[in-house]
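Colleague:
Protein chains: 2
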Amino acid sequence: MRRKVYVEGSRPDIQVPFAEVHLTNDDPPVRLYDTSGPGSDPEVGLPQLRAHWIMERGDVEEVPAEGTATVGQTVRKAKDGKRPTQLYYARQGTVTPEMEFVAIREGVTPEFVRDEIAAGRAIIPNNVNHAESEPMIIGSAFLVKINANIGTSAVSSSIAEEVDKLTWATKWGGDTVMDLSTGKHIHATREAIVRNSAVPIGTVPIYQALEKCNGDPLGLTWELYRDTIIEQAEQGVDYMTVHAGVLLAHVPLAADRVTGIVSRGGSIMAAWCLAGHRENFLYTRYRELCEIFAQYDIAFSLGDGLRPGSIADANDEAQFAELKTLGELTKIAWEYDVQVMIEGPGHVPMHKIKENMDLQKEWCMDAPFYTLGPLTTDVAPGYDHITSAIGAAIIGSMGTAMLCYVTPKEHLGLPNRDDVKAGVIAYKIAAHAADLAKGHKGAQDWDDALSKARFEFRWEDQFNLSLDPDTARAFHDETLPATGAKTAHFCSMCGPKFCSMKISAELKEYAAKGMADKSVEFVNSGGKVYLPVVAS
Amino acid sequence: MRRKVYVEGSRPDIQVPFAEVHLTNDDPPVRLYDTSGPGSDPEVGLPQLRAHWIMERGDVEEVPAEGTATVGQTVRKAKDGKRPTQLYYARQGTVTPEMEFVAIREGVTPEFVRDEIAAGRAIIPNNVNHAESEPMIIGSAFLVKINANIGTSAVSSSIAEEVDKLTWATKWGGDTVMDLSTGKHIHATREAIVRNSAVPIGTVPIYQALEKCNGDPLGLTWELYRDTIIEQAEQGVDYMTVHAGVLLAHVPLAADRVTGIVSRGGSIMAAWCLAGHRENFLYTRYRELCEIFAQYDIAFSLGDGLRPGSIADANDEAQFAELKTLGELTKIAWEYDVQVMIEGPGHVPMHKIKENMDLQKEWCMDAPFYTLGPLTTDVAPGYDHITSAIGAAIIGSMGTAMLCYVTPKEHLGLPNRDDVKAGVIAYKIAAHAADLAKGHKGAQDWDDALSKARFEFRWEDQFNLSLDPDTARAFHDETLPATGAKTAHFCSMCGPKFCSMKISAELKEYAAKGMADKSVEFVNSGGKVYLPVVAS
Chain L
1 MRRKVYVEGS RPDIQVPFAE VHLTNDDPPV RLYDTSGPGS DPEVGLPQLR
51 AHWIMERGDV EEVPAEGTAT VGQTVRKAKD GKRPTQLYYA RQGTVTPEME
101 FVAIREGVTP EFVRDEIAAG RAIIPNNVNH AESEPMIIGS AFLVKINANI
151 GTSAVSSSIA EEVDKLTWAT KWGGDTVMDL STGKHIHATR EAIVRNSAVP
201 IGTVPIYQAL EKCNGDPLGL TWELYRDTII EQAEQGVDYM TVHAGVLLAH
251 VPLAADRVTG IVSRGGSIMA AWCLAGHREN FLYTRYRELC EIFAQYDIAF
301 SLGDGLRPGS IADANDEAQF AELKTLGELT KIAWEYDVQV MIEGPGHVPM
351 HKIKENMDLQ KEWCMDAPFY TLGPLTTDVA PGYDHITSAI GAAIIGSMGT
401 AMLCYVTPKE HLGLPNRDDV KAGVIAYKIA AHAADLAKGH KGAQDWDDAL
451 SKARFEFRWE DQFNLSLDPD TARAFHDETL PATGAKTAHF CSMCGPKFCS
501 MKISAELKEY AAKGMADKSV EFVNSGGKVY LPVVAS
Chain G
1 MRRKVYVEGS RPDIQVPFAE VHLTNDDPPV RLYDTSGPGS DPEVGLPQLR
51 AHWIMERGDV EEVPAEGTAT VGQTVRKAKD GKRPTQLYYA RQGTVTPEME
101 FVAIREGVTP EFVRDEIAAG RAIIPNNVNH AESEPMIIGS AFLVKINANI
151 GTSAVSSSIA EEVDKLTWAT KWGGDTVMDL STGKHIHATR EAIVRNSAVP
201 IGTVPIYQAL EKCNGDPLGL TWELYRDTII EQAEQGVDYM TVHAGVLLAH
251 VPLAADRVTG IVSRGGSIMA AWCLAGHREN FLYTRYRELC EIFAQYDIAF
301 SLGDGLRPGS IADANDEAQF AELKTLGELT KIAWEYDVQV MIEGPGHVPM
351 HKIKENMDLQ KEWCMDAPFY TLGPLTTDVA PGYDHITSAI GAAIIGSMGT
401 AMLCYVTPKE HLGLPNRDDV KAGVIAYKIA AHAADLAKGH KGAQDWDDAL
451 SKARFEFRWE DQFNLSLDPD TARAFHDETL PATGAKTAHF CSMCGPKFCS
501 MKISAELKEY AAKGMADKSV EFVNSGGKVY LPVVAS
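Here the protein sequences come in this chain order: L and G. In terms of UniProt numbering, the first sequence has 356 at position 356, counting the first letter as 1, and numbering is strictly consecutive. In terms of UniProt numbering, the second sequence has 116 at position 116, counting the first letter as 1, and numbering is strictly consecutive.
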């Protein structure tokens, strides 16, 4: 049986969720990290778990909104001169309830969480206006996280569908969700998503800014972009992708590529830079951005606008020139106590992955790395959740803190519900494989519990411990639908007469008794080990 | 357009198949490795492509069959004292038509193929009684290959279904197929499979031997096993898994494992050893086996009967004790001019994969490694094609020559047609990603051609170059079903107004002209880059 439990922290309002699997034998229940949130009525939204924590620190006040689209509302914002960010508090030596919350989730001490944040090696993305979120941490010393992208587009999909995808993505293990909506209703879609999300929400504000000037990048101005940032900050967006590293001088470096600039944000900024032969305003206005981000505790996700879109373009000059700039921008954000993570590629063959991780660590001073895949080959459209899960697992094992999922529809179409699930599951696999490879404390307990259940033919326990219990059960039903088969001491692979698991379970007993008696006893028991045995 | 072409070798009966993709622009056609075979009527079987090559060497004669099940038939077998194996010929300095065939397939010289075989670093599995097969090579200097397992079981499935799975598996890229049938009709199933297979067929003869003694391992004898080997040799099985490394002394090493012995063959032999407190007859009779294998040019696939079945059991003493024994057995097989590959795990977390490859190379003197996955976590039943594709890609990039696929049904049930395809595709991805990582000459041409088609919005070319054109096309149709969308200069991800690929294609032109003029021209052209453009 699988159910949600809450573990209380040092105060009663710290309630940390886990999925607890109760086993059919006497082993203790297994607790799994849980991202599914408390569940909500989409009309009402989620309760504001963190509201009290945010306000009791005394650095935030409720004020009239300033954004064009949010005008008339009351929102939270830093008091004059205050920087209510987790990085600020960590640097002060404070353990916030948010830090304690993630410490319980991760099985580490709150002080360790605080120190990792203070050093810039980890972030807790949590805008003061998204008090609904359950704190989670992104950093290489913690469990590897995954992000799921959703969002309406010009071509199709509705707000209700996107909220459903949010709930669906977090049910299967999405740690954060990015709302990449384009087309109409961006504001309303995002409002619905943030109010119903127990995980941090990320956006790419340049998409909405571009909508505001009818898709013409030459219409973009700092003022228009700033207003968009404020609007999203007031709604509660927890981290924002900012392509401030696409410098005018970098653009020509991408000219000879096989696939040019594939990042939407990157190509918009490149167009803007080239049109006026001028420097990217996200770069020139970067300190102003930092001031705004600090007021809401928004984290930077410094975008890789020049990431490679094909194997041929991996690890080229354009890509690394931008990465180096992201390192400089990281340092500046830290001056303002703003949390930062760094986005990474893209399409990279396996043997070039390590260089990405090494340079990112060096140039970005161990700020968390957040990579899209990488896809390890270009030849399998329709299966890029797999081409990229391979790269994601590898880069995760090297220290990447969060993996941005890729769905089977990548390059081809818009992901539906099934694609979202396929992407999330493939990435949970990559993340957990990486946790194992990093020797992350406790990570292997999950594998061991499942394998033990498998070896002992505890089918229900095996299903309940699975990353996707529904699919595991359904697949078993397909070959052996009978209820009795769920307690049988064999599986459909070998059938009842011929089962290696059963044989070796019995061999284990023999071996334990010493070799001499064993053979006699084995012969005396006859062919018994091959007879079908149904567990009582 | 995608069609099959044949490239002629130094003589007209060497016709090497490729899938040739013709593009819609002026680029030359792209040739892809093709495993699908000439196609056949299951009632008749395939033509005997290699019959003349085998007989013209003068070392093989047609004789009455000796197997209990094959009696009355005429089969091919070495003349007295001859060893008609590719290893023998390679050591003599001969380039056989089989070697030339694979040289053309792989884009290398025939002499290189010969030398790799002579050194034991590569094998061409091709029983003289399976003259229908199109030669293929397994070795770390060549393209990484994949194997698909099929076979009837005690629980379900029919002969016709299995032949259909064979055709299906090779259509999608299976390089070899193992027939793992258990239950009734093993002989007839195998006959149908071998006669219809253009790829090498592997088996695990102990499965059939066990059927012959009604599933009682204590009934197994060398004579019964030998008769099974002869029967399968005469049918044309190209390689056989032999668990000769499961020694009596190794069995207790597996006693404390979480999942014991998960290999069926391994557990059978362990039971046999323990029951009589005696040494594995596959080990004690190994030289006799070598003599038989040499007479038909059957390759050994030295089985890893003690491979780990869980993350907890990876790289343990039992596993490596067996691997070391497999190295000794390799040396002995080579004395008899018998080709050898070595089977590998199993369940192994990413950070323990390298040790497997390193020890295999060292102990087995660079004989080809043939691994099952490895699965990099135990927690995702229903998705083990993905948990294992990660491990397969990694170990492939390190030098593993062939990857044994895992389907989504692993641990849960019997793979159906969809599962076979899912397994094959996941493994083709892993194999190609490994080829890229190894810097295999020409491997990246495929990626580059596809990415160029993608960048230039040549949708039909992109589909035809895809590993799975059907799925790529279907996914595109799902969001943008109109025929016009297949020639549109945008995709469903961004919609017509907003397309990074299109923007950067235009940026490329601007950049090529130099920065100064560029900005003027860009402004003069207005928002043109964002208008929908449909290709003429």
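Don't be surprised by glycine CBs; every beta carbon is placed ideally from N, CA and C.
Beta carbon of V30 of chain L: closer than 7 Å to some heavy atom of the ligand GDP?
Modeller: Of ligands this structure carries none, so the ligand GDP is not represented either.
Colleague: Assign A472 of chain G to one of three DSSP states: helix, strand, or coil.
Modeller: Correct three-state label for A472 of chain G: helix.
Colleague: So, for E460 of chain G: in the same chain, excluding its five sequence neighbours on each side, which residues have a beta-carbon less than 7 Å away from its beta-carbon?
Modeller: Around E460 of chain G: T24, K486.
Colleague: Is L247 of chain L close to chain G, meaning its C-beta is less than 8 Å from at least one C-beta of that chain?
Modeller: L247 of chain L does not count as touching chain G.
Colleague: For F142 of chain G, which three-state DSSP category applies?
Modeller: Looking at F142 of chain G - three-state DSSP - the assignment turns out to be coil, as it is neither helix nor strand.
Colleague: What are the residues in the stretch 358–383 of chain L lying within 8 Å of chain G by C-beta distance?
Modeller: Under the 8 Å Cβ criterion, the stretch 358–383 of chain L contributes T376, T377, D378, V379, A380, P381, G382, Y383.
Colleague: Would you give the residue range spanned by the beta strand (DSSP E) that A78 of chain G belongs to?
Modeller: 74–78 is the span of the beta strand (DSSP E), which, as asked, contains A78 of chain G.
Colleague: Measure from the alpha carbon of E132 of chain L to the alpha carbon of each residue in L:A169, L:V63, L:P47, L:G139, then state which is nearest.
Modeller: The candidate whose alpha carbon is nearest that of E132 of chain L is L:P47.
Colleague: Report yes if the CB atom of A392 of chain L is closer than 8 Å to the CB atom of A430 of chain L, and no otherwise.
Modeller: Yes, the Cβ-Cβ distance between A392 of chain L and A430 of chain L is below 8 Å.
Colleague: Are any of the Cβ atoms in chain L nearer than 8 Å to that of V424 of chain G?
Modeller: It does not; no Cβ of chain L falls within 8 Å.
Colleague: Quick one: measure Cβ to Cβ for I124 of chain G and E98 of chain G, integer angstroms, because I've assumed they're closer than 8 Å.
Modeller: With a Cβ gap of about 5 Å, I124 of chain G and E98 of chain G count as contacting.
Colleague: Ordered along the chain, which non-local residues of its own chain (more than five positions away) have a Cβ less than 7 Å from that of E116 of chain L?
Modeller: Closer than 7 Å at the Cβ level, and outside the excluded window around E116 of chain L, lie A122, G139, A141.
Colleague: Here's the rule I'm using: 16 or more other beta-carbon atoms within 10 Å means buried, otherwise exposed. How should E100 of chain L be labelled?
Modeller: Flag for E100 of chain L reads buried.
Colleague: Find out if the Cβ-Cβ distance for the pair M240 of chain G, I298 of chain G is shorter than 8 Å.
Modeller: The answer is yes: Cβ separation under 8 Å.
Colleague: Take E231 of chain G and list the residues in its own chain whose beta-carbon comes closer than 6 Å to its own, dropping the five residues that flank it on each side.
Modeller: G67, A69, T70.
Colleague: Could you tell me the boundaries of the alpha helix (DSSP H) in which K4 of chain G lies?
Modeller: Where K4 of chain G is concerned, there is no enclosing alpha helix (DSSP H), although the beta strand (DSSP E) it sits in stretches over 2–8.
Colleague: Going along the chain, which residues of its own chain have a beta-carbon closer than 7 Å to the beta-carbon of M1 of chain L, five neighbours each way excluded?
Modeller: Hits under 7 Å: H22, N464.
Colleague: List the whole-angstrom C-beta distance separating V177 of chain G from I150 of chain G, where the pair is believed to meet the contact cut-off of C-beta under 8 Å.
Modeller: So it is a contact: roughly 6 Å between Cβ atoms.
Colleague: How would you write the range of the alpha helix (DSSP H) that V307 of chain L sits in, first residue to last?
Modeller: It is worth fixing the name first, because residue 307 of chain L is Arg in this sequence and not Val. No alpha helix (DSSP H) contains R307 of chain L, which DSSP labels as neither H nor E.
Colleague: Give the interface partners of D447 of chain L over in chain G, defined as CB-CB distance under 8 Å, in chain order.
Modeller: Chain G residues near D447 of chain L: S310, I311, A312, T377, D378, V379.
Colleague: Which bits of chain G does F455 of chain L rub up against, with CB to CB less than 9 Å?
Modeller: Neighbours of F455 of chain L on chain G, chain order: R257, V258, T259, G260, V262, G309, S310.
Colleague: Anything in chain G within Cβ reach of D418 of chain L, meaning under 8 Å, just list it in chain order.
Modeller: What D418 of chain L touches in chain G: nothing, since even the nearest Cβ is about 11 Å away.
Colleague: Can you give the beta carbon distance from D337 of chain L to R114 of chain L, rounded, assuming they're within the 8 Å contact cut?
Modeller: No, D337 of chain L and R114 of chain L are not in contact; Cβ-Cβ is about 14 Å, not under 8 Å.
Colleague: Under 8 Å Cβ to Cβ from A119 of chain L, same chain only, skipping five residues before and after it: list those, please.
Modeller: Taken in chain order, the residues that qualify are D366.
Colleague: Taking Cβ-Cβ distances shorter than 7 Å, what residues in chain G pair up with M99 of chain L?
Modeller: Neighbours of M99 of chain L on chain G: none; closest Cβ ~28 Å, over 7 Å.
Colleague: Going by other Cβ atoms of all chains shown within 10 Å of its Cβ, with 16 needed for buried, is V16 of chain G buried or exposed?
Modeller: Buried, by the Cβ-count rule.
Colleague: Do you know how far the Cα of G173 of chain L is from the Cα of P42 of chain L?
Modeller: Each residue's alpha carbon lies about 20 Å from the other.
Colleague: Would A401 of chain L pass as a contact of M341 of chain L if the rule is Cβ separation under 8 Å?
Modeller: The answer is yes: Cβ separation under 8 Å.
Colleague: Looking at T330 of chain G: is its Cβ nearer than 8 Å to the Cβ of L302 of chain G?
Modeller: Yes.
Colleague: Could you tell me which chain G residues have their CB closer than 8 Å to the CB of M350 of chain L, listed as they occur along the chain?
Modeller: Correct list: A393, I394, S397, A433, A434, L436, A437.
Colleague: Excluding sequence positions up to five away, which residues of its chain have a Cβ less than 8 Å from the Cβ of H185 of chain L?
Modeller: Contacts found: T152, I159.
Colleague: Who are the near neighbours of residue 560 of chain L in its chain, counting only those whose CB is closer than 6 Å to its CB and skipping five residues on each side?
Modeller: An answer regarding residue 560 of chain L cannot be provided, because it is not within the stretch 1 to 536 covered by chain L.
Colleague: Report yes if the C-beta distance between D313 of chain L and V246 of chain L is below 8 Å; otherwise report no.
Modeller: Cβ atoms of D313 of chain L and V246 of chain L: not closer than 8 Å.
Colleague: Measuring alpha carbon to alpha carbon, tell me which of L:G183, L:K354, L:R417 ends up nearest A148 of chain L.
Modeller: Of the listed residues, the one whose Cα sits closest to A148 of chain L is L:R417.
Colleague: Which partner residues of F455 of chain L appear in the DSSP bridge assignment?
Modeller: BP columns for F455 of chain L are empty, so no partner.
Colleague: Please report the straight-line C-alpha distance between G527 of chain G and A254 of chain L, rounded to a whole angstrom.
Modeller: Reliability fails at G527 of chain G, whose pLDDT of 34 lies under 50, so the model's placement of it is uncertain and no value is given.
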